[in-house]
Amino acid sequence: MQIPIDKLKTMVRGVARTQEKEYSCDDVYQLLDEFTEAVAQGKDVAKLMPLVQQHLEMCPDCREEFEALLRVVRAAQPGA
Numbered sequence: 023m024q025i026p027i028d029k030l031k032t033m034v035r036g037v038a039r040t041q042e043k044e045y046s047c048d049d050v051y052q053l054l055d056e057f058t059e060a061v062a063q064g065k066d067v068a069k070l071m072p073l074v075q076q077h078l079e080m081c082p083d084c085r086e087e088f089e090a091l092l093r094v095v096r097a098a099q100p101g102a
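When the count follows this note's numbering, it moves up by one through the sequence shown with no breaks and lands on 102 for the last residue.
1. Buried or exposed: which applies to Tyr51, given that a residue is buried once 16 or more other Cβ atoms fall within 10 Å of its Cβ?
2. Just to confirm the assignment, what range does the alpha helix (DSSP H) spanning Tyr51 have?
3. By DSSP, does Gln75 sit in helix, in strand, or in coil?
4. Any chance the CB of Glu59 is under 7 Å from a heavy atom of the ligand FAD?
5. From which residue to which residue does the alpha helix (DSSP H) around Glu87 run?
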């Protein structure tokens with residue numbers, strides 16, 4: 023069985039990013055509103071909520087949910 027090089031690269035990057043402490047999708051879902059509000063306010067979420075940030079970088083499903091929520095939050099902001 024041959025693994026396409028792009029899939030292999032993605033897998034290696036994922037393994038390289040693993041940390042001793044990580045959040046699950048359920049953990050991130052519980053914090054997603056707070057995280058999204060912080061992003062919309064321009065806060066440094068990498069420092070405030072690094073485990074959420076890390077999870078979103080690695081999980082396409084959670085990332086998609088975050089991006090959809092961020093669009094809604096930004097559309098609701100004054101002057102949007």
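Note that CB positions come from ideal geometry on N, CA and C, so glycine has one too.
With the structure as the only source:
1. exposed
2. Cys47 to Ala62
3. helix
4. For the structure depicted, the ligand FAD is absent and the ligand set is empty, with no information on it obtainable.
5. Pro82 to Ala98
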